[in-house]
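Visitor: Just so you know, our numbering puts the end of the sequence shown at 924, numbered straight through with nothing missing.
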Amino acid sequence: MNGATADFVAGTARAIARCPAFAVVEGEPGSGRTRLLDELTRRETEDSALVRVRCARRRRPVPLGPVLEALSADLRRWSTVAPLLSPLAGVLRSFLPELTQVLPEVPADTTGRHLVFRALRELLTAHDRTVLLVDDADEADEETQDLLRFLADHPSPRLAVVATTTIRAHRPVAGESWWPPRSGVTARLTLAPLEPDEVVSLAGSRELGELVHRRTGGVRGAVHAVLEAPGAPVPRAWADALAARFAKAEPGCAAIAEAAVVFGRPAGSAELAAVSGLASDAVDDALLSALDEGFLRDLGRGRYAARSPLAAEVILSAVSGPRRCRLHGRVARFLSGSREPDAPKIAQHHRAAGELAEWVRWTSEAVDRAVAEGKPDEASRLLETALGEEGLSRADRENFAVRLSRGTAYELIKEPTVRLLRTAVREWPMSKTARGEIRINLGRVLINQAGQIDAGRSEIQLAVADLSDHRALLARGLVTLALPHLGAIPVEENLRWLDQAERASHGLRDVELLAAVTANRMSSRMQVADPGVWQDVGTLPDSPRSADVRRQVSRTYINLADAAAWNGYYPVARSYLATARRLIQDEHQPYLEALAAGTDLRLDVVMGLWAGVDTEARELVARVGEDSSLAAEPLLALGWYHFGRGRRAAALRDFDAAFGLSAGSVPLQASSFAGRAAVRLAAKDLPGARRLVEYGLENVRRKNNWVWAAELLPLAVRILLGEHETEAAEAWLAEYQEGIIGRDAPLAHAADLFCQGLLARPRPAEAAELFSRSARSYQALPRPYAAAGAEELAGECYAELGEHERVLGALTHAETTYRALDSLVDAQRCRRALAAHDPDVPRRGRRGYGKALSPRELEVVVLAAQNLTNREIAERLFLSARTVEVHLGRALCKLDLPSRAVLSEELLRDRIAASKTA
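Written as structure tokens, this is what we have:
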């Protein structure tokens, strides 16, 4: 027993511990009343005479039959009390012939049922303590119920009675007996359904417990049956008992229960009357009977439903096939007449009724509504379910398959959908046009979401022959191949596909198609950093009326944001994403939302906004699926985030995962190569890092779009210089510089300056200037982590030149940036370098200041709190502005302040006081 059941048994035992006692235990059918009496039987057998009475409804009941049967079951029980019986007990001889040797002679006057009741009471109280357990007393015949009422009205100090009964929804009317007794009851207990936590305790696991509770409604008997038959879909014995009870139910009761379980959702009496076919004046009684039998439950406000999903399964299986079909048809017709028809439900009922034409019609209606409401995933689910049904005609199957393929443009597609579409184009008979359109849409999914560029291109190329007379469909396929980031083919080939798409769409009036072609032309130009693209972006419509065009324009802005981010226009990319989201803010567009979220995460990482990256990236991976190519971008963002935090193992794991999913995107692959190489370079594995950058640069070289090498090339130059291959490094840089000439890509040009600085290291003055320019370029993007790296190298060059103030300025700025990013490994490295060059480091014999402010630092920070600029402070203290920057940065670090923007005189006083107290 679980805690709840054990407590109830113990409570019932306490209720009958002292005689006289008459306890009534109420519960709905299946609530575990019999199980309760079984437990009481085990408890009471040793100390008491126990009589177990089992009642049942019979067509021709035998008066007092259950009681007499129980009394005659154990002769030895009564032989010991024979001497104690009075002549009154002799009236039972004709009722209990088995007890002839126990009972006294028949008295002279044996007439009158009252004498029989008195005699039965005397027999039951002959022992010192007798416990009478009556199961289902409400099902007993009239005489048995009258006997129990008599025992309640005439209690005995030797007798305890426990009678179980079903909770009834109605009260007796004139002519019916009242049960339970109106008087004499000493305890009334209710076996309520188990709460979810009680089922969890019984199941031993929350997941299983909550599942069982939902399935059984907490009804105790059903809960125990399910848990005791863990492998069975439906517990056999429990189901058989419920089915037997249902078979014996009155016709009206059965009809209303059948209607409710076929309805499949809460329904009112009018709905149930319409489906069951019952007359309106018979519905109330039928409902009350169904509630009494435990088939239904009252939800309040005139709504009724099956008692539990498990009960619904059993009742539905008991309904004959032809009747079940008729009931489903009635439900479908009833629902279709409502003000707002639930098309998916109506379609399901028509399908269950075998009415295929109506099922197809309402499924199409449901799909149309899902699309109109911006729920593409719901539309696809409906279509996939329909395509799995047998009996679908060729025309309907073709129509549904085409519609499913169209819906893949803006939702997240799972592998089963891809398999279904592949099966459709390869195995199902259909027209050439339908097959070609499905191939086009399948190819788009394989390219955009599965990362299977070659397979997607093959599908689209196969479609070309089938669509020679359908220019609009042909153009849709060709435009998919046009974006330069896709595949290993050169950019020029992508642009040739785009030219073909524009020729195919020439003269057409399909505004959504024209928007798609325009979108890809604009996105292509942004991806290759064409300086003239900005004028074209301004021509995009602000708020198109057509939902299809709005989605295309939104996709355009997302593609532009992605390309602008790779080029280094980070705030511009943010603004494009905001515009894209505004255009689809009233729709559910999971594919577009996932694309935008991935670019957002990448921007967060490069711009140093690391606070929520870990959580948001993992949530996005979970949303799109860890095997989807859409997971590559959040995994890449996670990799760079972990790398910046000094977690190399986690970074390498994420970079590897991103690389495995990014086969369809050259810039993503290039960044993945860069991340993997950066981890190996940090571990001093120069050969391993070199192999990775060579692979990555070869991909970029093959694609012929060098702006995507902005993360790779600085690593490549560093690695080659580390292996003393200066000429090879110079050759790589020269090729890179030639590739970005005339390209509007600030990130690529910042990387160029950085690489020039690396090659100029033998000339520290020149190198320092190049690193400083690179740092300013990175910071302008902004890309703070890269800017700090360039500042750090500039500081090293200044150290070689002996320019201490500039050393301190560069290293302090780098350290402050690293610390703000919580990149502690890098910050500590800069701190050690500062300690070697800090002019304030005390000479031998002088004390240091530790975490306390030095006098000069205090002077500087006090003036800064008064809103003086660095130049004004420098003039007042006769210092250079660079030295002021050094002192101020160190002071802010000691006071644990992120920047001077938050500095005020009041805050400064509080922080200084706190540091002195500490």
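Built from N, CA and C at the ideal position, the CB exists for glycine as well.
Here the structure is a predicted model, which is why all the values come from computation and not from measurement.
Using the Cα positions of His133 and Leu197, report the straight-line distance between them to the nearest angstrom.
Guide: 30 Å
Visitor: Applying the 10 Å Cβ sphere with the 16-neighbour rule, what's the burial state of Asp485?
Guide: The amino acid occupying residue 485 in the given sequence is Val; Asp does not appear at that position. Per the 10 Å Cβ criterion, buried.
Visitor: What does Thr171 pair with, by DSSP beta-bridge criteria?
Guide: Glu32
Visitor: Rounded to whole angstroms, how far is the Cβ of Leu864 from the Cβ of Ile879, which I believe are closer than 8 Å?
Guide: Distance from Leu864 to Ile879 at the Cβ level is roughly 12 Å; contact not present, criterion being Cβ atoms closer than 8 Å.
Visitor: Per DSSP, Arg60 forms a beta bridge with which residues?
Guide: Asp141
Visitor: Classify Thr414 as helix, strand or coil using the three-state DSSP reduction.
Guide: helix
Visitor: Within its chain, find whatever has a CB closer than 7 Å to the CB of Thr585; leave out the 5 residues flanking it on each side and keep chain order.
Guide: The residues are Tyr563.
Visitor: Once you ignore the five residues that flank Ala839 on each side, which residues in its own chain have a CB closer than 7 Å to its CB?
Guide: Gly801, Leu817
Visitor: Reducing DSSP to helix, strand and coil, say where Arg853 ends up.
Guide: Here Arg853 scores only 46 on pLDDT, less than 50, and its place in the model should not be relied on; the value that follows carries that caveat. In this structure, Arg853 counts as coil in the three-state DSSP scheme.
Visitor: In chain order, what residues of the same chain lie with their CB nearer than 6 Å to the CB of Arg556, ignoring the 5 residues before and after it?
Guide: Pro550, Leu589
Visitor: For Asp4, does the three-state DSSP call read helix, strand or coil?
Guide: Because the chain here runs from 7 to 924, residue 4 falls outside it and cannot be looked at.
Visitor: In this structure, how does DSSP classify Ala525 when only helix, strand and coil are distinguished?
Guide: helix
Visitor: Please tell me whether Val122 and Val97 are closer than 8 Å, where the distance is taken between their beta carbons.
Guide: yes
Visitor: What residues match up with Asp287 in a beta bridge as DSSP calls it?
Guide: Answer by DSSP bridge pairing: none, since Asp287 is not bridged.
Visitor: Note down the Cα distance separating Ser671 from Ser886, rounded to an integer number of angstroms.
Guide: 49 Å
Visitor: Helix, strand or coil, according to DSSP, for Tyr310 in the structure here?
Guide: strand
Visitor: Taking its Cβ as the centre, do 16 or more other Cβ atoms sit within 10 Å of Asn873, making it buried, or is it exposed?
Guide: exposed
Visitor: What residue range does the alpha helix (DSSP H) around Ala740 cover?
Guide: Where Ala740 is concerned, the enclosing alpha helix (DSSP H) stretches over 732-746.
Visitor: Go ahead and label Thr524 buried or exposed: buried means 16 or more other beta carbons lie within 10 angstroms of its beta carbon, across all protein chains shown.
Guide: buried
Visitor: The beta strand (DSSP E) spanning Thr196 covers which residue range?
Guide: 193-197
Visitor: Suppose you measure from the CA of Leu644 to the CA of Arg812; what does that come to, to the nearest Å?
Guide: 34 Å
Visitor: By DSSP's criteria, Ala55 is part of a beta bridge. Which residues make up the other side?
Guide: Thr136
Visitor: List the whole-angstrom C-beta distance separating Glu299 from Pro35, where the pair is believed to meet the contact cut-off of C-beta under 8 Å.
Guide: 6 Å
Visitor: For Leu130, is the classification buried or exposed, using 16 other Cβ atoms within 10 angstroms of its Cβ as the cut-off for buried?
Guide: buried
Visitor: Report the rounded CA-to-CA distance for Asp246 versus Asp662, giving the unit in angstroms.
Guide: In a straight line, the C-alpha of Asp246 is about 56 Å away from that of Asp662.
Visitor: In this structure, how does DSSP classify Leu787 when only helix, strand and coil are distinguished?
Guide: Looking at Leu787 - three-state DSSP - the assignment turns out to be coil, as it is neither helix nor strand.
Visitor: From the DSSP secondary-structure annotation, give me the bridge partner or partners of Arg303.
Guide: Ala311
Visitor: So is Pro537 buried or exposed if we call it buried at 16+ other beta carbons inside 10 Å?
Guide: exposed
Visitor: With H, G and I counted as helix, E and B as strand and the rest as coil, what does DSSP make of Ala255?
Guide: coil
Visitor: Have a look at Ala510 and Arg482 and give me their C-alpha separation to the nearest angstrom.
Guide: 9 Å
Visitor: Count the other CB atoms within 10 Å of the CB of Val68; is the residue buried (16 or more) or exposed (fewer)?
Guide: The residue in question, Val68, is exposed, as its Cβ has fewer than 16 Cβ neighbours within 10 Å.
Visitor: Considering only heavy atoms of the ligand GDP, does any lie closer than 7 Å to the CB of Leu626?
Guide: Ligands in the displayed structure: none, and consequently the ligand GDP is not present.
Visitor: Specify the secondary structure class of Ala858 as computed by DSSP and reduced to three states.
Guide: In the structure shown, Ala858 sits in coil (DSSP, three-state: anything other than H, G, I, E or B).
Visitor: Quick check for students: name the residue ranges of the alpha helix (DSSP H) that lie wholly in the segment 551-595, counting only runs of 4 or more.
Guide: Here the runs fully enclosed are 553-573, 576-589.
Visitor: When burial is assigned at 16 or more other CB atoms within 10 Å of the CB, is Arg531 buried or exposed?
Guide: A residue is called buried when at least 16 other Cβ atoms come within 10 angstroms of its Cβ; Arg531 meets this threshold and is buried.
Visitor: Measure the Cβ-Cβ separation of Ala407 and Leu418 and say whether it is below 8 Å.
Guide: no
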